[in-house]
Amino acid sequence: MYMDEMDVGQRKGDFSAVVASNRRIGDTFWKLRLEFGGEAADAFRTFRPGQFVQIDAAGAPLPPLEQIPETLQDTAERQVMLRRPFSFTDLDVQKRKTVGEILYCVVGPATLRMTMLRPGDGIAVIGPLGNGFRVPEGKRTALLVVGGMGTAPLQHLARHLAYDHKEIDATVFAGARTTRALPFERRQDEISQGLGFALPEFSRYGMESFIATDNGTAGFHGFVTDCVGKWLDENHPKPENTIVYTCGPEVMLAAMAKLAAERRIDCQVSMERRMACGIGVCQSCAVECRVPGSNETMYRMCCKDGPVFDSREVVFGEHN
Amino acid sequence: MSVGFGGLRLGGCVWTASGTCGYADELGEFMDMDRLGGFITKSITLEPRKGNATPRIVETDSGMLNAIGLANIGVERFIEEKVPLLAKMKAAVFVNVAGREIDDYVAVIDLLAGVEGIAGFELNVSCPNVKRGGITFGTDVGLLREITAAAKAAAAGKMLMVKLTPSVTNVSEMAAAAVEAGADALSLINTFTAMVVDIETRRPVLANRTGGLSGPAIKPIAVYMVNRVYNEVAKERGIPILGMGGIRNASDAVEFLLAGATAVAVGTASFVRPASAVRIMDGIERYCERMGVGAVAELTGALL
Ligand SMILES: Cc1cc2nc3c(=O)[nH]c(=O)nc-3n(C[C@H](O)[C@H](O)[C@H](O)COP(=O)(O)OP(=O)(O)OC[C@H]3O[C@@H](n4cnc5c(N)ncnc54)[C@H](O)[C@@H]3O)c2cc1C
Ligand SMILES: Cc1cc2nc3c(=O)[nH]c(=O)nc-3n(C[C@H](O)[C@H](O)[C@H](O)COP(=O)(O)O)c2cc1C
Ligand code: FES
């Protein structure tokens, strides 16, 4: 293992971050940049792709009613008590501060409140939490397989691979139901040009991207996993030198895990569960896992044992 | 600020509640665990329990439902793997005990009664009794007497605290039954059974369908129940009460003390702020200074 693959020695804490910027990048997608200074800057310096933070959005106000989409108006009235988990899309380590970037989708009371954060606002953030993606030795080809909002930790991973694992060639596969559901900044300009794309989020690291939409409005018509299968057939990389990293809806993760197993390719999945604490004390976030060498299963905690798991461990379901 | 709790002398009046503080090492990264008055483990059962499918939790207004399903490693592994760590704590360690029938509870307590570093037991009587058609131990006076007496005999001198469920019509009747059968202390309240429906799928949100409601939403009811049990049962018999239910800050905690609690426990609030318990302790100290109160014990039951 490389030194940078180990989460040892990292100190987590309940820190205060300052909002650097918060802007809308699509229908329901926003980008929030958080600055950590002092002790927090040190703690977050080693934040690894796939790790996450717990954000306290309870103190932020709701947007005015007329700005809340009709479908969210009822849920908006719910009070927020618990924190919400988010991964980072990017990490910028500077001399005196560390800046983390969050890409979020507005789906309920906490994310609605987050849209009201303004530069300079303080916000409580617990982190770094969980275990990130690992890069085993000997890998030369990485496939980053994105389902919708699952792009967040994979963008951070792309940066890490580009800077710290130059021996690896990475290719990106992004899937969503429709073009509009793809959470990328400038997708509209790029979307109609055939199968290979330059998603700026990944092309800035020199990675080629493929898009798949269930309804065929852009790129490959079908599931992203079929697109990955086709690519593997055409490029046939050596299985033992190849690794798949994936994050997205559980059905997609399950399909990807199955494909990877058939092709004997290592696969790491980033799982999502409803979380209360995020630090391993409440047991809310159970992920059913196989017990090695037996037919039995056990629950492991998404927040503490994951959120990144080896795909062979996980018994996929419809849970959340 | 030290306080007495039954026969124990504790370093503080704030504890962490069962099922909300792991096995102590996790929260230790956020606060000095030695400042806690007491630490209560997740419910421990005789056999390991995997727990329920997910979703196991759902947030509600000012609260949450949980249906973890008593997931725990079982008493044997608990003794091997967790007790050595817990025994090093300064806080009084209580093992919360759960089971399906009285014999299960007794077996767990038997195995732990001689173990050093454990101050006592908290009896989780909010579980259904399989032998008696699923009736909850803590809702039937006779059953509660029976289980308390059996646990007391097994505890071999260690402190026995019975954790009352709020899902009863007369909580004092249950409190009296527990004390008469040998409980050295009472803790209240456990969660309220509740349900949240997903109107899109027309199913309950939790895989278990129902779950226990905790958090600020239950606090006023908890304060009332503590006050009632204090006045009607605990005060005259000198039985200490560990008050809990929705405590988020020092003001909340002081409400419980004034209502009759000798110490308080923090549960759900630790999820939002892992260092809640010590922050609350500091706040109580400031309150005492401001009020010219010399010892926390002076607050217990000082409601006018
Ligand atoms: C490790 C991890 C990393 C995450 N990273 C990101 C990220 O980078 N960007 C992002 O936009 N979101 C991310 N999420 C999801 C994010 O936490 C939720 O969208 C957020 O909590 C929603 O809060 P809310 O109050 O706005 O909506 P809520 O009302 O809480 O949720 C809206 C809907 O989403 C469902 N939901 C909520 N939380 C979860 C969950 N954890 N798993 C499955 N379904 C859920 C609810 O059932 C509900 O239908 C992540 C989740 C986890 C566990
Ligand atoms: C996630 C969770 C798990 C819990 N597990 C247990 C348990 O195993 N045994 C028990 O007696 N009480 C358990 N409780 C109840 C708490 O100990 C406490 O009585 C209750 O939550 C009220 O306090 P609070 O509002 O401060 O959380 C649990 C509560 C929560 C939220
Ligand atoms: S969210 Fe509490 S244990 Fe994972």
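Line by line, the protein sequences give chains A and B. Under this note's numbering, the first residue of the first sequence is numbered 179, with each subsequent residue one higher. Under this note's numbering, the first residue of the second sequence is numbered 182, with each subsequent residue one higher. For every residue, glycine included, the Cβ atom is placed at its ideal position computed from N, Cα and C.
Which same chain residues, not among the five before or five after residue i, have their C-beta less than 7 Å away from its C-beta?
i, result
"ARG189(A)", "ALA221"
"ASP285(B)", "THR226 and LEU227"
"LEU373(A)", "Note that LEU373(A) scores 49 on pLDDT, short of 50, meaning its location in the model is unreliable and no value can be drawn from it."
"ASN354(B)", "Reading off the sequence, residue 354(B) comes out as Glu, not Asn. Once the five neighbours on either side are set aside, the close Cβ partners of GLU354(B) are VAL322."
"GLU183(A)", "In this prediction, GLU183(A) scores a pLDDT of 48, lower than 50, which makes its location untrustworthy; the coordinate-derived value is nonetheless stated afterwards. Excluding positions up to five away in sequence, the list reads ARG312 and VAL313."
"VAL296(B)", "ILE260 and VAL264"
Please determine whether the Cβ atom of residue i lies at a distance below 8 Å from any heavy atom of ligand 2.
i, result
"ASN305(B)", "yes"
"LYS344(B)", "yes"
"GLY255(B)", "no"
"GLN232(A)", "no"
"PHE381(A)", "According to the sequence as given, residue 381(A) is Ser; it is not Phe. Checking every heavy atom of ligand 2 against the Cβ of SER381(A), none is found closer than 8 Å."
"MET355(B)", "no"
"ILE238(B)", "yes"
"ALA234(B)", "no"
"ARG231(B)", "Looking at the sequence provided, one finds Lys at residue 231(B) rather than Arg. Every heavy atom of ligand 2 is 8 Å or more from the Cβ of LYS231(B), so no."
"LEU227(B)", "no"
"ALA332(B)", "no"
"MET182(B)", "no"
Which residue comes first and which comes last in the beta strand (DSSP E) that contains residue i?
i, result
"GLU386(A)", "386-391"
"GLU279(A)", "275-283"
"VAL407(B)", "VAL407(B) -> not in any beta strand (DSSP E); alpha helix (DSSP H) instead, spanning 400-410."
"PRO306(A)", "300-307"
"LEU290(A)", "Segment 287-292 is the alpha helix (DSSP H) holding LEU290(A); no beta strand (DSSP E) there."
"GLU240(B)", "238-241"
"SER448(A)", "444-448"
"PRO263(A)", "262-265"
"LYS344(B)", "340-344"
"PHE487(A)", "486-488"
"MET453(A)", "Unbroken run through MET453(A): none, as it is neither H nor E."
Kindly list the residues whose CB is nearer than 8 Å to the CB of residue i, restricted to its own chain and excluding five residues on each side of it in sequence; keep chain order.
i, result
"GLU361(B)", "ARG326"
"ILE299(B)", "VAL264, LEU267, ALA268, VAL274, PHE275, VAL276, LEU293 and LYS339"
"PRO229(B)", "ASN253, ILE254, GLY255 and ARG258"
"ASP367(A)", "In this predicted model, ASP367(A) has a pLDDT of only 49, less than 50, meaning its place in the structure is not dependable; the value taken from the coordinates is given anyway. Contacts found: none."
"VAL474(B)", "TYR468 and LEU480"
Please work out which residues of its chain come closer than 6 Å, Cβ to Cβ, to residue i, disregarding the five sequence neighbours upstream and downstream, and give them in chain order.
i, result
"GLY353(A)", "GLY325, ALA390 and VAL402"
"GLY204(A)", "none"
"SER370(A)", "Here SER370(A) scores only 48 on pLDDT, less than 50, and its place in the model should not be relied on; the value that follows carries that caveat. Excluding positions up to five away in sequence, the list is empty."
"ALA357(B)", "VAL414"
"ASP234(A)", "ARG261 and ALA302"
First and last residue of the alpha helix (DSSP H) that includes residue i?
i, result
"PHE380(A)", "378-381"
"GLU327(B)", "322-335"
"GLN251(A)", "251-254"
"TYR341(A)", "329-342"
"ALA440(B)", "431-440"
"TYR490(B)", "In this structure chain B extends from 182 to 485, so residue 490(B) is not present and cannot be described."
"LEU459(B)", "For the sequence presented, residue 459(B) should be read as Val rather than Leu. 457-472 is the span of the alpha helix (DSSP H), which, as asked, contains VAL459(B)."
"ASP213(B)", "Segment: none, ASP213(B) is in no alpha helix (DSSP H) and carries neither H nor E."
"GLY216(A)", "216-223"
"MET476(A)", "No alpha helix (DSSP H) holds MET476(A); the beta strand (DSSP E) holding it covers 475-479."
"VAL459(A)", "Taken as a continuous stretch (DSSP letters only), VAL459(A) belongs to no alpha helix (DSSP H), as it is neither H nor E."
Are there any heavy atoms of ligand 3 lying less than 8 Å away from the beta-carbon of residue i, as far as the coordinates show?
i, result
"VAL406(A)", "no"
"MET376(B)", "no"
"VAL459(A)", "yes"
"CYS480(A)", "yes"
"GLY300(A)", "no"
"CYS445(A)", "no"
"GLY394(A)", "no"
"ALA450(B)", "no"
"ALA388(B)", "no"
- May I ask you to list, following chain order, the residues of the segment 453-482 of chain A that have a beta carbon less than 7 Å from some beta carbon of chain B? ALA454, CYS455, ILE457, GLY458, VAL459, CYS460, GLN461, SER462, ALA464, MET476 and TYR477
- Chain-ordered list of residues that sit, by beta carbon, closer than 5 Å to a heavy atom of ligand 1: PHE230(A), ARG262(A), PRO263(A), PHE264(A), SER265(A), TYR282(A), CYS283(A), VAL285(A), GLY286(A), PRO287(A), ALA288(A), THR289(A), MET327(A), ALA330(A), GLU450(A), ARG452(A), PRO485(A) and ASN498(A)
- Message: To be precise: take each residue of the segment 451-480 of chain B, compare its Cβ to all Cβ atoms of chain A, and keep it if any distance is under 9 Å. Which residues remain?
- Response: SER451, PHE452, VAL453, ARG454, PRO455 and ALA456
- Residues, ordered as in the chain, of the segment 221-234 of chain A that lie near chain B by beta-carbon distance below 8 Å: ASP234
- If you measure beta-carbon to beta-carbon, which residues of the segment 415-435 of chain B are closer than 7 Å to chain A? none
- Query: Which residues, taken in chain order from the segment 298-328 of chain B, show a beta carbon closer than 9 Å to some beta carbon of chain A?
  - Reply: none
- Item | Chain-ordered residues of the segment 186-200 of chain A with a beta carbon less than 8 Å from chain C | The structure shown contains no chain C; its protein chains are A and B.
- chain B contacts from the segment 248-274 of chain A (Cβ-Cβ distance under 7 Å): ARG256, GLN257, MET259, LEU260 and ARG261
- Item | Interfacial residues, the segment 192-212 of chain B to chain A, with Cβ spacing under 8 Å | GLY200, THR201, CYS202, GLY203, GLU207, LEU208, GLU210 and PHE211
- Message: Along the segment 243-259 of chain B, where does the CB come closer than 8 Å to a CB of chain A? Name the residues.
- Response: SER243, GLY244, MET245, ASN247, ILE249 and ALA252
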